[in-house]
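Working notes, beginning with the structure itself.
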Amino acid sequence: IICDYDSLHGWTKLEYIYRIWCIFELFTASQDDDCEVTIEMPSRERKDFLDGVSDEGHIDKLFGVLSATDVENAEASYESDRTDILNIVNKKTGYAKFNITINTLIRKWVIRLIEDAAHLKLEGVADGEYDEDCVDFHSRVGVIFLELGEYNLAIDMYNVALEMVEKEFGCDHDKMYYPLASIAGVLTGQGKYEEALNNHAKALTIVENKWGSDDERLALILYNMGDVYRMQDEYDKAIDVLNRALAIQKEKHGQDHMKTADTLLIIANVLNGQGKYEEVMEKYQLVLPIYEKEYGSDHVYVAALLNKIAGTLKNQGKYKDAMEKYNRCLAIYEKVYGIYHAETIRTRNNIEILKNKI
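Going by the working numbering, 573 is the number at position 320 of the sequence shown; the sequence numbering is gapless.
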């Protein structure tokens with residue numbers, strides 16, 4: 254069954270899942286192991302999605318679509334139809350689980366669409382030659398794959414950009430900063446910390462030489478390096494580079510800006526590793542309302558922060574408070590990422606461990 258999401262509002266509002274009989278069709282198909290369900294969109298919606306790749310807020314729109322999925326909002330001409338169908342869904346799988354099924358299908362469609370578009374971009378370029386549009390596209394979709402947790406695909410996209418830029422401009426050119434820093438971010442997600450630091454160091458040298466020691470790009474690299482040092486338990490090195498980053502952010506944006514909040518958050522993470530839990534919670538409580546205001550209470554970035562807060566509460570022996578935060582975090586991850594994503598599994602495992610302490 255191919256579910257065609259015909260919409261008057263572009264890909265960000267999928268009308269199909271707001272129609273109760275369409276929900277019944279999709280639910281029935283998903284219950285049959287011999288039936289393969291594939292989500293497709295009309296050409297207009299596909300073009301709309303790909304045209305928006307260059308928009309920095311594109312990934313947030315995608316997460317917005319995923320977090321908004323709720324079969325209970327489906328409508329029907331007759332209320333009795335709506336009630337009966339929703340009862341079937343709820344009794345057999347539950348609304349939350351079926352929302353996850355729908356979002357898994359949407360994720361698969363997004364990944365397939367982007368991969369196909371990336372291949373088409375490369376087909377129009379001579380082997381290894383520099384093409385600015387191609388570099389920009391692969392850089393942008395690398396961000397999307399990174400945020401979706403598709404690390405290998407993200408590396409593939411960023412490497413296309415890196416190789417083109419290096420061949421055209423050389424390894425020390427300022428255009429090398431972005432792909433180097435981006436690849437470092439993916440390597441961090443994969444746990445390849447030394448490789449990540451090597452890429453960050455190369456990017457840092459380029460930025461300092463080109464833009465100076467108080468540039469925002471430098472603050473971002475220092476922030477990311479601090480996070481890697483934290484993961485390696487090298488707390489002194491982490492605090493050193495993070496304080497440099499924080500000084501730049503405060504000067505550029507002020508105390509209540511998102512970028513300053515992000516830097517405060519990573520400093521809190523380092524303090525957490527040092528066992529300074531009271532100081533950690535003070536900083537987390539300052540950052541949480543800023544994140545909720547910026548992203549919304551059901552965003553994966555908020556979930557990640559809730560996960561950190563839960564961990565600190567657990568370390569303080571406040572197990573019930575920690576469980577509440579973990580459960581809220583899990584609900585967001587399952588809805589947006591799906592049940593098999595690494596973050597979802599990790600959070601579920603943390604909950605199981607905590608159950609033994611309550």
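Each residue gets a CB set at the ideal place from its N, CA and C atoms; glycine is no exception. Owing to the predicted nature of the structure, the values given are computational and were not obtained by experimental measurement.
Between which two residues does the beta strand (DSSP E) containing residue 293 stretch?
-> One-based indexing of the sequence shown puts residue 293 at position 40. DSSP places residue 293 in the uninterrupted beta strand (DSSP E) bounded by 291-293.
Which residues bound the alpha helix (DSSP H) around residue 520?
-> Your numbering for residue 520 matches position 267 in the sequence shown. For residue 520, the enclosing alpha helix (DSSP H) has its first and last residue at 511-526.
Segments of 4+ residues assigned as alpha helix (DSSP H) that fall wholly inside the segment 281-328 = Taking only runs of at least 4 residues, the alpha helix (DSSP H) segments lying wholly in the segment 281-328 are 296-304 and 311-321.
Who does residue 272 pair with in a DSSP beta bridge?
-> Taking the sequence shown and counting its residues from 1, one reaches residue 272 at position 19. Answer is 328.
List the endpoints of the continuous alpha helix (DSSP H) containing residue 565.
-> For the purposes of this step, residue 565 is taken as the residue at position 312 of the sequence shown. Residue 565 -> alpha helix (DSSP H) spans 553-568.
Which of the three DSSP states, helix, strand or coil, is assigned to residue 358?
-> Mapped onto the sequence shown, residue 358 falls at position 105. Helix at residue 358.
Between residue 408 and residue 332, what straight-line distance do the alpha-carbon atoms span, to the nearest angstrom?
-> For the purposes of this step, residue 408 is taken as residue 155 along the sequence shown, with counting starting at 1. For the purposes of this step, residue 332 is taken as residue 79 along the sequence shown, with counting starting at 1. The C-alpha of residue 408 lies about 49 Å from the C-alpha of residue 332.
Among residues of its own chain, excluding the 5 on either side of residue 472, which ones have a beta-carbon nearer than 6 Å to its beta-carbon?
-> Translated into the one-based positions of the sequence shown, residue 472 becomes position 219. Hits under 6 Å: 498, 501 and 502.
What is the C-beta distance between residue 578 and residue 611, in whole angstroms, given that I count them as a contact (C-beta under 8 Å)?
-> As a working mapping, residue 578 is identified with position 325 in the sequence shown. As a working mapping, residue 611 is identified with position 358 in the sequence shown. Going by Cβ atoms, the distance from residue 578 to residue 611 rounds to 13 Å, so no, they are not a contact pair.
Among the residues of its own chain, which have a CB less than 6 Å from the CB of residue 275, if the five just before and after it don't count?
-> Within the sequence shown, the letter at position 22 stands for residue 275. Result list for residue 275: 269, in chain order.
Please look up how many angstroms separate the CB atoms of residue 543 and residue 480, rounded, as I've assumed it's under 8 Å.
-> As a position in the sequence shown, residue 543 is number 290, starting the count at 1. As a position in the sequence shown, residue 480 is number 227, starting the count at 1. Taking C-beta atoms under 8 Å as the contact rule, residue 543 and residue 480 fail to qualify, at a distance of about 18 Å.
Identify whether residue 495 lies in helix, strand or coil by the three-state DSSP scheme.
-> Taking the sequence shown and counting its residues from 1, one reaches residue 495 at position 242. Helix.
Residue of 437, 401, 420 and 582 minimising C-alpha distance to residue 361 = Taking the first residue of the sequence shown as position 1, residue 361 is located at position 108. For residue 361, the closest C-alpha among the options 437, 401, 420 and 582 is that of 401.
If you compare alpha carbons, which of 466, 586, 432 and 353 is closest to residue 505?
-> Walking along the sequence shown from the start, residue 505 turns up at place 252. Minimum Cα-Cα distance from residue 505 among the listed residues 466, 586, 432 and 353 corresponds to 466.
Less than 8 Å separating the beta-carbons of residue 397 and residue 338?
-> Sequence index remark: in the sequence shown, residue 397 carries index 144 (1-based). Sequence index remark: in the sequence shown, residue 338 carries index 85 (1-based). Note that the C-beta distance between residue 397 and residue 338 is not below 8 Å.
Between residue 410 and residue 456, is the Cβ-Cβ spacing less than 8 Å?
-> Taking the sequence shown and counting its residues from 1, the one referred to as residue 410 is at position 157. Taking the sequence shown and counting its residues from 1, the one referred to as residue 456 is at position 203. Not a contact, by the Cβ cut-off of 8 Å.
Distance, residue 319 Cα to residue 379 Cα | Residue numbering aside, residue 379 sits at position 126 when the sequence shown is read from its first letter. Residue numbering aside, residue 319 sits at position 66 when the sequence shown is read from its first letter. The C-alpha of residue 379 lies about 37 Å from the C-alpha of residue 319.
Report yes if the C-beta distance between residue 307 and residue 365 is below 8 Å; otherwise report no.
-> For the purposes of this step, residue 307 is taken as residue 54 along the sequence shown, with counting starting at 1. For the purposes of this step, residue 365 is taken as residue 112 along the sequence shown, with counting starting at 1. The Cβ-Cβ distance between residue 307 and residue 365 does not fall below 8 Å.
Closer than 7 Å: is that where the CB of residue 429 sits relative to any heavy atom of the ligand FMN?
-> The model on display carries no ligand, and the ligand FMN is accordingly not part of it.
If you scan the segment 433-483 from start to end, which runs of the alpha helix (DSSP H) of 4 or more residues do you find wholly inside it?
-> Runs of the alpha helix (DSSP H) inside the segment 433-483: 446-464.
Where residue 399 and residue 437 are concerned, what is the direct C-alpha to C-alpha distance, given to the nearest angstrom?
-> One-based indexing of the sequence shown puts residue 399 at position 146. One-based indexing of the sequence shown puts residue 437 at position 184. Between residue 399 and residue 437, the alpha-carbon positions lie close to 11 Å from each other.
Helix, strand or coil at residue 217 according to DSSP, with G and I counted as helix = There is no way to answer for residue 217, as the model of the chain reaches only from 254 to 611.
Using the rule of at least 16 other Cβ atoms within 10 Å of the residue's Cβ for burial, across every protein chain shown, is residue 297 buried or exposed?
-> By one-based count along the sequence shown, residue 297 stands at place 44. Classification for residue 297: exposed.
Could you name each continuous alpha helix (DSSP H) segment of 4 residues or more that falls completely within the segment 333-390, going from the start of the chain to the end?
-> If only uninterrupted alpha helix (DSSP H) runs of at least 4 residues are considered, those enclosed by the segment 333-390 are 348-376.
Pull up the distance between the alpha-carbon of residue 530 and that of residue 602, whole angstroms please.
-> Along the sequence shown, read from residue 1 onward, the residue named residue 530 stands at position 277. Along the sequence shown, read from residue 1 onward, the residue named residue 602 stands at position 349. The alpha-carbon atoms of residue 530 and residue 602 are separated by roughly 22 Å.
State the Cα-Cα distance for the pair residue 414 and residue 528, rounded to the nearest angstrom.
-> Mapped onto the sequence shown, residue 414 falls at position 161. Mapped onto the sequence shown, residue 528 falls at position 275. Spanning the two alpha carbons is a distance of roughly 41 Å.
With a CB to CB cut of under 7 Å and the five nearest residues on each side skipped, what residues in its chain are close to residue 490?
-> Translated into the one-based positions of the sequence shown, residue 490 becomes position 237. Sequence-distant partners of residue 490 (beyond 5 residues in either direction) whose C-beta falls short of 7 Å from its own C-beta, in its chain, are 482.
Minimum C-alpha distance to residue 445 - residue among 534, 508 and 404 = For the purposes of this step, residue 445 is identified with residue 192 of the sequence shown, where counting begins at 1. Ranking 534, 508 and 404 by Cα distance to residue 445 puts 404 first.
So is residue 596 buried or exposed if we call it buried at 16+ other beta carbons inside 10 Å?
-> Here the question's residue 596 lines up with position 343 in the sequence shown. The residue in question, residue 596, is buried, as its Cβ has 16 or more Cβ neighbours within 10 Å.
Going by beta carbon distance, what residues of the same chain come within less than 6 Å of residue 533, once the five residues before and after it are set aside?
-> By 1-based counting over the sequence shown, the position of residue 533 is 280. Cβ within range, chain order: 521, 524, 525 and 565.
Residue 392 - DSSP class collapsed to helix/strand/coil = Here residue 392 refers to the residue found at position 139 when the sequence shown is read from its first residue. DSSP places residue 392 in helix when its eight states are reduced to three.
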